[in-house]
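Data first, discussion second: the structure below is written as structure tokens.
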Amino acid sequence: MSNVLVVAEQLEGALRKASLPAVKAGRELAGKVGGKCHVLVLGKSVAAAAAEIAPYGADAVHTAEDPALEHYLAEPYAQAVEQAARALGAGYVVATASSTGKDLMPRVAARLSAGMATDVLGFVGDGAAIAFRRPMWAGAVIAEVTIATEIKVLTVRGTEFGVPAKAAAAAIAPLPVKIDAAAVKTRFVSLEQVKSARPELTEAKIIVSGGRGTKGDFKPVESLADSIGAAVGASRAACDAGWVPNDWQVGQTGKTVAPELYIAAGISGAIQHLAGMKNSKVIVAINKDPEAPIFQVADYGLVADLFKALPELQAALKKDA
Ligand SMILES: Cc1cc2nc3c(=O)[nH]c(=O)nc-3n(C[C@H](O)[C@H](O)[C@H](O)COP(=O)(O)OP(=O)(O)OC[C@H]3O[C@@H](n4cnc5c(N)ncnc54)[C@H](O)[C@@H]3O)c2cc1C
Numbered sequence: 007m008s009n010v011l012v013v014a015e016q017l018e019g020a021l022r023k024a025s026l027p028a029v030k031a032g033r034e035l036a037g038k039v040g041g042k043c044h045v046l047v048l049g050k051s052v053a054a055a056a057a058e059i060a061p062y063g064a065d066a067v068h069t070a071e072d073p074a075l076e077h078y079l080a081e082p083y084a085q086a087v088e089q090a091a092r093a094l095g096a097g098y099v100v101a102t103a104s105s106t107g108k109d110l111m112p113r114v115a116a117r118l119s120a121g122m123a124t125d126v127l128g129f130v131g132d133g134a135a136i137a138f139r140r141p142m143w144a145g146a147v148i149a150e151v152t153i154a155t156e157i158k159v160l161t162v163r164g165t166e167f168g169v170p171a172k173a174a175a176a177a178i179a180p181l182p183v184k185i186d187a188a189a190v191k192t193r194f195v196s197l198e199q200v201k202s203a204r205p206e207l208t209e210a211k212i213i214v215s216g217g218r219g220t221k222g223d224f225k226p227v228e229s230l231a232d233s234i235g236a237a238v239g240a241s242r243a244a245c246d247a248g249w250v251p252n253d254w255q256v257g258q259t260g261k262t263v264a265p266e267l268y269i270a271a272g273i274s275g276a277i278q279h280l281a282g283m284k285n286s287k288v289i290v291a292i293n294k295d296p297e298a299p300i301f302q303v304a305d306y307g308l309v310a311d312l313f314k315a316l317p318e319l320q321a322a323l324k325k326d327a
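Residues in the sequence shown are numbered consecutively from 7, following our numbering.
Listed below in structure tokens is the structure:
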């Protein structure tokens, strides 16, 4: 059993872009272990999402539709993924390490009695002996792990794999699943989505982040971000203080990002913050303290007061535009 099953995400029938790196990882893994790459799209009505993901390199796309899958809930989704994995002879079940992937896949692993590796960065070797590279201690150590169980469950770090190239669209086929509603102990109440004109943090090309140095005043951070079409991020200190929403948090226990440009203002550069942004292509740090550790990873460092530097940067960019 060396087929790979990639679990895709959709929201209200639309494919979530976070799914695409998992397809890229699944494709690469299938090549290394000599199996086929199957993609599973689950929900109540997912034809459009399945059509959207079909040209990204999978051998086949399967749709599992059931009223019990209308809204994402880990329990019914885990039942459906388990059934699909068994039906498709999957030796590897893969999803992106998004908040959904992190919630769902441990339950899938438990149902399949499978070992699991989280936040996989890449593969080492091939065939049955394949190992998985994954970060430990907030990325200070990269481990190579092998999984001894017959079925292996993985979440992969989206920023490491990226979006696969488009190819001919894979065939789409329904895959019947039977949800045991009596076994589902959770119930969907409501979904409150934060609607923002700004790009999603994990997809943004530019991110401007603020930390404790803002003292709770994110106006210069947000103003610069909006003037250059960037997403806004934050350190955990800023989120924990209640200054900004938790879903802005970048880092080990927040989001992992790798934009073209990451501007960190008033952020010291703790290892847990670096774990979420150090793979950004260009890092600009603005900090009053010349000894701040963020300068060790910064491509450009400015020892300055962010309340002076950010408006000046914004004005200079406007002049050049
Ligand atoms: C298990 C665990 C998980 C964690 N996960 C995360 C995570 O996911 N993300 C995360 O960010 N942290 C995380 N942390 C917390 C992390 O260790 C740090 O406490 C946090 O990142 C510090 O945030 P900060 O840099 O904003 O604050 P500080 O470390 O207090 O730094 C503030 C900086 O602002 C500078 N400053 C002050 N005023 C100004 C000014 N006017 N202009 C310019 N600079 C100024 C200061 O010189 C200082 O360097 C985690 C911690 C643990 C233990």
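Note that the Cβ used here is the ideal one computed from N, Cα and C, for glycine as well.
- CB contact flag (Lys30, Pro170, <8 Å): On the sequence shown, residue 30 is found 24 positions in, with the first residue counted as 1. On the sequence shown, residue 170 is found 164 positions in, with the first residue counted as 1. The answer is yes: Cβ separation under 8 Å.
- What residues in its chain sit with their C-beta under 8 Å from that of Thr259, if we drop five residues either side in the sequence? Sequence index remark: in the sequence shown, residue 259 carries index 253 (1-based). Answer for Thr259: Arg242 and Gln278, listed in chain order.
- Query: What first and last residue would you give for the alpha helix (DSSP H) that runs through Ser233?
  - Reply: Residue numbering aside, residue 233 sits at position 227 when the sequence shown is read from its first letter. For Ser233, the enclosing alpha helix (DSSP H) has its first and last residue at Lys225 to Ser233.
- Would you tell me roughly how many angstroms separate the C-alpha atoms of Val210 and Ser202, rounded to the nearest one? Locating residue 210 in the sequence shown gives position 204, counting from the first residue. Locating residue 202 in the sequence shown gives position 196, counting from the first residue. It is Ala, not Val, that sits at residue 210 in the sequence shown. Ala210 and Ser202: Cα-Cα distance of roughly 13 Å.
- Task: Return the first residue and the last residue of the beta strand (DSSP E) that His68 is part of.
- Result: Against the sequence shown, residue 68 aligns to sequence position 62. Secondary structure note for His68: its beta strand (DSSP E) is the uninterrupted segment Ala66 to Glu71.
- Query: Just to confirm, does Thr208 get its C-beta within under 7 Å of one of the non-hydrogen atoms of ligand 1?
  - Reply: Counting from 1 along the sequence shown, the entry for residue 208 is found at position 202. Every heavy atom of ligand 1 is 7 Å or more from the Cβ of Thr208, so no.
- Candidates Gly257, Thr102 and Gly63: which alpha carbon is nearest Lys284's? As a position in the sequence shown, residue 284 is number 278, starting the count at 1. The residue with the shortest Cα to Cα distance from Lys284 is Gly257.
- Which residue's Cα is closest to the Cα of Gln199: Ser8, Leu308, Leu17 and Val13? Within the sequence shown, numbered from 1, the residue matching residue 199 stands at position 193. For the options Ser8, Leu308, Leu17 and Val13, the alpha carbon positioned closest to that of Gln199 is the one of Leu17.
- Report the three-state DSSP secondary structure of Asp246 (helix, strand or coil). Position 240 of the sequence shown holds residue 246. Three-state DSSP puts Asp246 in a helix.
- Using a Cβ-Cβ cut-off of 8 Å (strictly less than) and excluding sequence neighbours within five positions of Pro73, which residues of its own chain qualify? Here residue 73 corresponds to residue number 67 of the sequence shown, with the count starting at 1. The answer, listed in chain order, is Lys50.
- Task: Tell me whether Ala84 sits in a helix, a strand or coil according to DSSP, three-state version.
- Result: Counting from 1 along the sequence shown, the entry for residue 84 is found at position 78. Helix at Ala84.
- Item | For Gln255: DSSP bridge partner residues | As a working note, residue 255 is residue 249 in the sequence shown. Residue pairing by DSSP places Gln255 opposite Ala240 in a beta bridge.
- Helix, strand or coil at Tyr98 according to DSSP, with G and I counted as helix: One-based indexing of the sequence shown puts residue 98 at position 92. In the structure shown, Tyr98 sits in a strand (DSSP, three-state: E or B).
- Message: Under 5 Å, CB to any heavy atom of ligand 1. Which residues pass, going along the chain?
- Response: The set, ordered by position in the chain, is Gly217, Arg218, Gly219, Ser241, Arg242, Ala243, Gly257, Gln258, Thr259, Gly260, Gly272, Ile273, Ser274, Ala276, Gln278, His279, Asn293, Lys294, Asp295, Ala298, Asp311 and Leu312.
- Query: Using the C-alpha atoms, what's the distance from Leu280 back to Trp143?
  - Reply: For the purposes of this step, residue 143 is identified with residue 137 of the sequence shown, where counting begins at 1. For the purposes of this step, residue 280 is identified with residue 274 of the sequence shown, where counting begins at 1. Using only the alpha carbons, I get a separation of about 12 Å.
- Does the stretch 78–90 come close enough to the stretch 107–122 that 3 or more CB-CB pairs lie under 8 Å? At 8 Å Cβ cutoff, the stretches touch.
- Item | Of the residues Pro27, Asp65 and Ala53, the one placed nearest Ala36, counting alpha carbons only | Numbered from its first residue, the sequence shown carries residue 36 at position 30. Put simply, of Pro27, Asp65 and Ala53 the residue whose alpha carbon is nearest the alpha carbon of Ala36 is Asp65.
- Task: Indicate the three-state DSSP secondary structure (helix, strand or coil) for Val114 in the structure shown.
- Result: Here residue 114 refers to the residue found at position 108 of the sequence shown. Of the three classes helix, strand and coil, the one that applies to Val114 here is helix, per DSSP.
- Out of curiosity, what's the CA-to-CA distance linking Gly19 and Ala179? By 1-based counting over the sequence shown, the position of residue 19 is 13. By 1-based counting over the sequence shown, the position of residue 179 is 173. Spanning the two alpha carbons is a distance of roughly 17 Å.
- Which parts of the stretch 118–142 are runs of the beta strand (DSSP E), unbroken and 3 residues or longer, counting only runs that do not cross its ends? As far as the stretch 118–142 is concerned, its whole beta strand (DSSP E) runs of at least 3 residues are 121–126, 128–130 and 137–142.
- Query: Taking C-alpha atoms, which residue in Ser196, Pro61, Gln320 and Lys23 lies nearest to Ala174?
  - Reply: Within the sequence shown, numbered from 1, the residue matching residue 174 stands at position 168. Of Ser196, Pro61, Gln320 and Lys23, the residue nearest in Cα terms is Pro61.
- Phe224, buried or exposed, once every other Cβ within 10 Å from all chains shown has been counted against 16: In the sequence shown, residue 224 corresponds to position 218, counting from 1. Taking every protein chain shown into account, the CB of Phe224 has 16 or more other CB atoms within 10 angstroms, so this residue is buried.
- N- and C-terminal bounds of the beta strand (DSSP E) containing Ile269: Numbered from 1 along the sequence shown, position 263 holds the residue referred to as residue 269. From DSSP, the beta strand (DSSP E) with Ile269 extends over Leu267 to Ala271.
- Query: So what's His44 in DSSP terms, helix, strand or just coil?
  - Reply: In the sequence shown, the residue the question calls residue 44 occupies position 38. If DSSP states are grouped into helix, strand and coil, His44 belongs with the strands.
- Measure the C-alpha to C-alpha separation of Ile289 and Leu46 and round it to an integer number of angstroms. By 1-based counting over the sequence shown, the position of residue 289 is 283. By 1-based counting over the sequence shown, the position of residue 46 is 40. Computed Cα separation, rounded: 36 Å.
- Query: For Thr262, which of helix, strand or coil comes out of DSSP?
  - Reply: For the purposes of this step, residue 262 is taken as residue 256 along the sequence shown, with counting starting at 1. Thr262: coil per DSSP, three-state reduction.
- Where does Arg163 land, buried or exposed, given buried means 16+ other C-beta within 10 angstroms? Within the sequence shown, residue 163 is the residue found at index 157, counting from 1. Buried: at least 16 other Cβ atoms inside 10 Å.
- Task: Could you give the DSSP three-state label for Gly37: helix, strand or coil?
- Result: Residue mapping note: residue 37 aligns to position 31 of the sequence shown, counting from 1. Assignment of Gly37 by DSSP, reduced to helix, strand and coil, places it in the helix class.
- Task: Could you name the residues that DSSP lists as bridge partners for Val309?
- Result: Residue 309 sits at position 303 when you count from the first residue of the sequence shown. In DSSP, Val309 forms a bridge with Asn293.
- Query: Count the other CB atoms within 10 Å of the CB of Lys261; is the residue buried (16 or more) or exposed (fewer)?
  - Reply: For the purposes of this step, residue 261 is identified with residue 255 of the sequence shown, where counting begins at 1. With 16 or more other Cβ atoms within 10 Å, it is buried.
- Message: Does Ala56 pass the burial test, meaning 16 or more other C-beta atoms within 10 Å, or should it be called exposed?
- Response: In the sequence shown, the residue the question calls residue 56 occupies position 50. Counting the other Cβ atoms within 10 Å of the Cβ of Ala56 gives 16 or more, which makes it buried.
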